[in-house]
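Let me begin by presenting the structure, written as structure tokens, before commenting on it.
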Amino acid sequence: MLDFSSVDRLIADLETCLDTTREVSPTEELLVGVDLGTAFIVLVVMNSKREPVACAMEFAQVIKDGLVVDYMGAMTVVRRLKAQLEERLGRELEKAAIAVPPGTGESDCKTHGYVVEGAGMEVTNLLDEPTAANAVLGVEDGVIVDIGGGTTGLSILEKGKVVYVADEATGGTHLSLVLSGAYKVSFEEAEEIKRDYGRHKEIFAAVRPVIQKMATIVKGHIEGRNIKSVYLVGGTCCLTDMETVFEKELGIPVYKPANPFLVTPMGIALSSVPQGE
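Each residue of the sequence shown is one higher than the one before, starting from 1 at the first, in UniProt numbering.
Given below as structure tokens:
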């Protein structure tokens, strides 16, 4: 098992940077990542020491199943987050890395890039989301499963190298749809219920079948391989005890950081080319 204590400290540091900003010099190298998620768009800035210095996020439904469905809306949000962080840092952000679900087609990858370029940043790297997460986790052998709002992506790693990737169109949106029906509330209200940690125990029975389906999907992709551990990241994995369902379905140890939501955004930033290069 990985030592998640250092990962959790780094993520906690990034959480702090949502409200506070670390001072940076006018010439200091910065690493920038943009995560275009189904529910949230996140922009992360790290310094040359690979420490978080600023982070901003905004709820936006401009991405569906990993695809841009509202180009102007997505670009507007990224531009707004970029302006916020530039004001906080006193620096212009010129370059950024991005990530997409595994298996995203070339034209859709380009659209993700156009969103960030339209917001005023050059895209210097594009990678799949689970691989981005591994820039934080450092998994040598195992499976990283990134469950976002619209997709469940996975990367199988052997000796630190990605040997297989896959993506399925199921994620947090499906949990919200189930909760919307179960509680007879709007999708937006269901999203709020899902994000309320105080209600996770209450809603678990309703969403458990969807979680089991996600685990079954992962099981199908890793069957026949010598997989000894699974690592969960992505906003949907913030659901309390979600890993226990996966572990029961897969029959192997399943781990997740204290806050799996910010792992991939941070990994995207760490995979960026430094500003000024």
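We put the CB at the ideal spot given by N, CA and C, even for glycine.
- Query: What is the C-beta distance between Thr124 and Lys95, in whole angstroms, given that I count them as a contact (C-beta under 8 angstroms)?
  - Reply: For the purposes of this step, residue 124 is taken as residue 124 along the sequence shown, with counting starting at 1. For the purposes of this step, residue 95 is taken as residue 95 along the sequence shown, with counting starting at 1. So it is a contact: roughly 5 angstroms between Cβ atoms.
- Query: Are there 16 or more other CB atoms within 10 angstroms of the CB of Asp19, so buried, or fewer, so exposed?
  - Reply: On the sequence shown, residue 19 is found 19 positions in, with the first residue counted as 1. Asp19 should be labelled exposed.
- Message: I'd like the list of long-range same chain contacts for Gly103, defined as Cβ closer than 6 angstroms, with 5 residues on each side in sequence excluded.
- Response: Counted from its first residue, the sequence shown places residue 103 at position 103. Within the same chain, Gly103 has close Cβ partners Asp167.
- Message: Applying the 10 Å Cβ sphere with the 16-neighbour rule, what's the burial state of Ala54?
- Response: Taking the sequence shown and counting its residues from 1, one reaches residue 54 at position 54. By the neighbour-count rule (16 or more Cβ atoms within 10 Å), Ala54 is buried.
- Task: Name, in chain order, the residues that DSSP records as bridge partners for Gly96.
- Result: The residue labelled residue 96 in the question sits at position 96 within the sequence shown. In the sequence as presented, Gly is not what sits at residue 96; that position holds Ala. BP columns for Ala96 point to Val123.
- Cβ pair count under 8 angstroms reaching 3, the stretch 86-93 against the stretch 191-210: no
- Query: Tell me the DSSP bridge mates of Ala56?
  - Reply: For the purposes of this step, residue 56 is identified with residue 56 of the sequence shown, where counting begins at 1. Partner(s): Leu43.
- Query: Curious, which full-length beta strand (DSSP E) runs of at least 3 residues does the stretch 7-42 contain?
  - Reply: 30-36
- Query: Can you list, in chain order, the residues of its chain whose CB lies under 7 angstroms from that of Ala132, leaving out five sequence neighbours each side?
  - Reply: In the sequence shown, residue 132 corresponds to position 132, counting from 1. These residues qualify, in order along the chain: Ala99, Thr264, Gly267, Ile268 and Ser271.
- Out of Leu177, Lys82 and Ala190, which has the shortest C-alpha to C-alpha gap to Glu58? As a first step, residue 58 is located in the sequence shown; it is residue number 58 there, counting from the start. Checking every option, the nearest Cα to that of Glu58 belongs to Lys82.
- Query: For Asn134, is the classification buried or exposed, using 16 other Cβ atoms within 10 angstroms of its Cβ as the cut-off for buried?
  - Reply: In the sequence shown, residue 134 corresponds to position 134, counting from 1. Buried.
- Own chain partners of Val254 with C-beta closer than 6 angstroms, once the 5 adjacent residues on each side are dropped: Indexing the sequence shown from 1 puts residue 254 at position 254. Answer for Val254: Val230, Glu243, Phe246 and Glu247, listed in chain order.
- Query: Going by C-alpha distance, which of Ser186, Asn47, Gly138 and Gly234 is nearest Gly66?
  - Reply: On the sequence shown, residue 66 is found 66 positions in, with the first residue counted as 1. The shortest C-alpha separation from Gly66 is found at Gly234.
- Message: Three or more C-beta pairs under 8 angstroms: does that hold for the stretch 177-185 against the stretch 134-144?
- Response: no
- Query: In chain order, what residues of the same chain lie with their CB nearer than 6 angstroms to the CB of Asp70, ignoring the 5 residues before and after it?
  - Reply: Taking the first residue of the sequence shown as position 1, residue 70 is located at position 70. Hits under 6 angstroms: Val62.
- Is the CB-CB distance between Leu126 and Gly113 below 9 angstroms? Position 126 of the sequence shown, counting from 1, holds the residue named residue 126. Position 113 of the sequence shown, counting from 1, holds the residue named residue 113. Yes, they are a contact pair.
- Does the stretch 154-167 touch the stretch 207-227, meaning 3 or more C-beta pairs lie closer than 8 angstroms? yes
- Nearest-angstrom Cα separation, counted from Glu129 out to Ile252: Here residue 252 is taken as the residue at index 252 of the sequence shown, counted from 1. Here residue 129 is taken as the residue at index 129 of the sequence shown, counted from 1. Cα to Cα, the separation comes out at about 23 angstroms.
- Going by DSSP, what residues sit across from Gly220 in a beta bridge? Taking the sequence shown and counting its residues from 1, one reaches residue 220 at position 220. None, per the DSSP bridge assignment.
- Task: Could you name the residues that DSSP lists as bridge partners for Gly142?
- Result: Position 142 of the sequence shown, counted from the start, is the residue given in the question as residue 142. Looking at the DSSP assignment, Gly142 forms a beta bridge with Leu157.
- Query: How big is the Cα-Cα spacing for Val273 and Val45?
  - Reply: In the sequence shown, counting from the first residue as 1, residue 273 sits at position 273. In the sequence shown, counting from the first residue as 1, residue 45 sits at position 45. The alpha-carbon atoms of Val273 and Val45 are separated by roughly 12 angstroms.
- Task: Give the DSSP bridge partners of Val165, in chain order.
- Result: Against the sequence shown, residue 165 aligns to sequence position 165. The partner list for Val165 (beta bridge, DSSP) reads Ser155.
- Query: With respect to the alpha helix (DSSP H) encompassing Tyr114, which residues constitute its N-terminal and C-terminal limits?
  - Reply: In the sequence shown, the residue the question calls residue 114 occupies position 114. First-last of the alpha helix (DSSP H) with Tyr114: Glu106 to Gly118.
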